[in-house]
């Protein structure tokens, strides 16, 4: 893959404190992480010396297993219905069944205390179900035992903000529920409240609006955002993929909300816009596929956007956010590629890993690429394998894992 980088100038929108926010300050995610005295501890959980990294796999029937990446031990988790999508915030598993969301607690998590981390291992349990119609969009917060998780049902316009502290106790509890006109939108936790998308109405363009802890609109705390495709929390704020570009919503230490926009170049077509944002948790850099060729890499702290070109279509891409600027991608040939934005070169490519899965569109729908500080993982559903890849060592395949529960769906917890 011949790689090129094109630097794009960050354009700031609403770069000053928004009116109406200063009088209604809410804690930033960084402040939230530093305030609790228990550092994310939950009664009955054991603090660990390092992150309790596990792979969770779910087969076609909903059978669920968890593989310890440090000790190679596998344990079963509660049975799920047939799954249509699987999401995680690094602890909880949100299994979209098409008629609601089943929530499992893996019992494995890390607590970001800003300048250091705490790691915990507890007992896995079934938490409950979030009722809804149609497919769901789930967006987690930066912490698993504090803050919230957003669940949005595009077919009905129903948005729910779940209380993470209650999830940690094994209960489903809604902080608030809102109803909008059905649209391809989202709700994402931020501070004590949430960012929610609102469709265009009359003279009002489509936008994202900040809601307070009770679910009420905060005056002046909104910005334009057409067709929000995805959102994810980074170390610098909430990144939202919009038609215009990437909106970064952040809260100031002094209180108040700020929106920044990293605009796409003028000639960017709709198919080149980001549909999915991926990155290593608690890092500021995110990435997304850029249409038929290449990927967008966004630094939400420096407010920069670059484009990495590729000679093959990329199916998945994720940013490591390390010193070398590693970006890991899965291409249409089933190869995993590693790109360094520091050197501007491709630094590793595997052989094709998903030959059987590539022949099965349903299998490809559930392929996932996840990262931690040392490794990348990609599941091959038809092959019933998970590949562990050392992205810092020329995309070397460190292990080929064959979980007892087939990896139709795969993700990582404990990070």
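In my numbering, the protein residues as written are 5 to 419. Yeah, the Cβ is synthetic: ideal placement off N, Cα and C, and Gly gets one too. The structure displayed is predicted, hence computed values, not measured ones.
Span separating the alpha-carbon of residue i from that of residue j
i           : j           : result
residue 238 : residue 286 : 6 Å
residue 196 : residue 184 : 20 Å
residue 253 : residue 378 : 28 Å
residue 35  : residue 356 : Here the model assigns residue 35 a pLDDT of 38, short of 50, so the residue's position is not dependable, and the following value carries that caveat. Straight-line Cα distance between these residues: approximately 44 Å.
residue 57  : residue 382 : 15 Å
residue 316 : residue 294 : 11 Å
residue 362 : residue 256 : 45 Å
residue 60  : residue 409 : 9 Å
residue 223 : residue 399 : 48 Å
residue 274 : residue 268 : 10 Å
residue 62  : residue 359 : 21 Å
residue 47  : residue 173 : 9 Å
residue 397 : residue 55  : 21 Å
residue 153 : residue 134 : 12 Å
residue 98  : residue 259 : 31 Å
residue 23  : residue 270 : Since pLDDT at residue 23 reaches only 26, below the 50 mark, its modelled position is unreliable, and no value is offered.
residue 180 : residue 191 : 11 Å
residue 307 : residue 391 : 33 Å
residue 403 : residue 372 : 17 Å
residue 101 : residue 395 : 33 Å
residue 2   : residue 87  : Missing from the structure shown is residue 2; the chain here goes from 5 to 419 and no further.
residue 138 : residue 103 : 5 Å
residue 96  : residue 365 : 27 Å
residue 282 : residue 289 : 9 Å
residue 114 : residue 327 : 22 Å
residue 78  : residue 52  : 18 Å
residue 296 : residue 175 : 43 Å
residue 66  : residue 108 : 12 Å
residue 164 : residue 182 : 7 Å
residue 311 : residue 204 : 29 Å
residue 85  : residue 76  : 26 Å
residue 136 : residue 64  : 21 Å
residue 27  : residue 80  : Confidence at residue 27 is low in this model, with a pLDDT of 29, below 50, so its placement is unreliable and the value that follows should be read with caution. Rounded to whole angstroms, residue 27 to residue 80 spans 49 Å at the Cα level.
Beta-carbon gap between residue i and residue j smaller than 8 Å
i           : j           : result
residue 313 : residue 302 : no
residue 110 : residue 82  : no
residue 389 : residue 405 : yes
residue 49  : residue 125 : yes
residue 92  : residue 415 : yes
residue 240 : residue 291 : no
residue 177 : residue 166 : yes
residue 218 : residue 202 : no
residue 370 : residue 412 : yes
residue 69  : residue 385 : no
residue 419 : residue 144 : no
residue 215 : residue 198 : yes
residue 393 : residue 380 : yes
residue 342 : residue 330 : yes
Among the options, the one whose alpha carbon lies nearest that of residue i
i           : options               : result
residue 284 : 354, 332, 257 and 64  : 332
residue 132 : 147, 151, 106 and 145 : 106
residue 210 : 187, 318 and 67       : 187
residue 321 : 338, 152, 99 and 206  : 338
residue 417 : 164, 104, 90 and 393  : 90
residue 225 : 194, 204 and 296      : 194
residue 336 : 330, 325, 204 and 368 : 368
residue 272 : 299, 326 and 84       : 299
residue 251 : 66, 169, 393 and 305  : 305
residue 151 : 136, 168, 164 and 163 : 168
residue 221 : 206, 200, 205 and 207 : 200
residue 155 : 319, 85 and 189       : 189
residue 146 : 334, 242, 311 and 319 : 242
residue 112 : 319, 136, 205 and 72  : 72
Any non-hydrogen atom of the ligand NAD within 7 Å of residue i CB
i           : result
residue 203 : As for the ligand NAD, it is missing from this structure, which has no ligand bound.
For this session: Indicate whether the contact test is met: 3 or more Cβ pairs, each with one atom in the segment 154-161 and one in the segment 113-128, closer than 8 Å.
Result: Short answer: they don't touch.
Exercise. Can you find at least 3 beta carbon pairs, one from the segment 276-285 and one from the segment 220-240, that sit closer than 8 Å?
Worked result: By the Cβ test, the segment 276-285 is in contact with the segment 220-240, since at least three Cβ pairs between them sit closer than 8 Å.
Exercise. Are the segment 214-231 and the segment 243-255 in contact at 8 Å, needing three or more beta carbon pairs?
Worked result: Flag = yes, the segment 214-231 and the segment 243-255 touch.
Problem set entry | 3-residue-minimum beta strand (DSSP E) runs that sit fully inside the segment 169-221, ordered along the chain | The qualifying runs are 178-183, 191-194, 197-202 and 211-215.
Problem set entry | the segment 256-267 in contact with the segment 346-353 per 3-pair CB rule at 8 Å | Judged by Cβ distances under 8 Å, the segment 256-267 makes no contact with the segment 346-353, as fewer than three pairs qualify.
Exercise. Which runs of the beta strand (DSSP E) fall wholly inside the segment 261-299 and span at least 3 residues, in chain order?
Worked result: Here the runs fully enclosed are 261-267 and 289-293.
Problem set entry | Residue ranges of each beta strand (DSSP E) within the segment 300-332, 3 or longer | Correct list: 308-312 and 318-323.
Exercise. Considering only residues of the segment 364-388, which uninterrupted alpha helix (DSSP H) runs meet the minimum length of 4 residues and lie entirely inside it, listed in chain order?
Worked result: For the segment 364-388, whole alpha helix (DSSP H) runs of length 4 or above, ordered along the chain, are 365-369.
Exercise. Enumerated in chain order, which unbroken segments of the beta strand (DSSP E) with a length of 3 residues or greater are wholly contained in the segment 122-171?
Worked result: 129-134, 141-143, 152-157 and 162-167, all fully within the segment 122-171.
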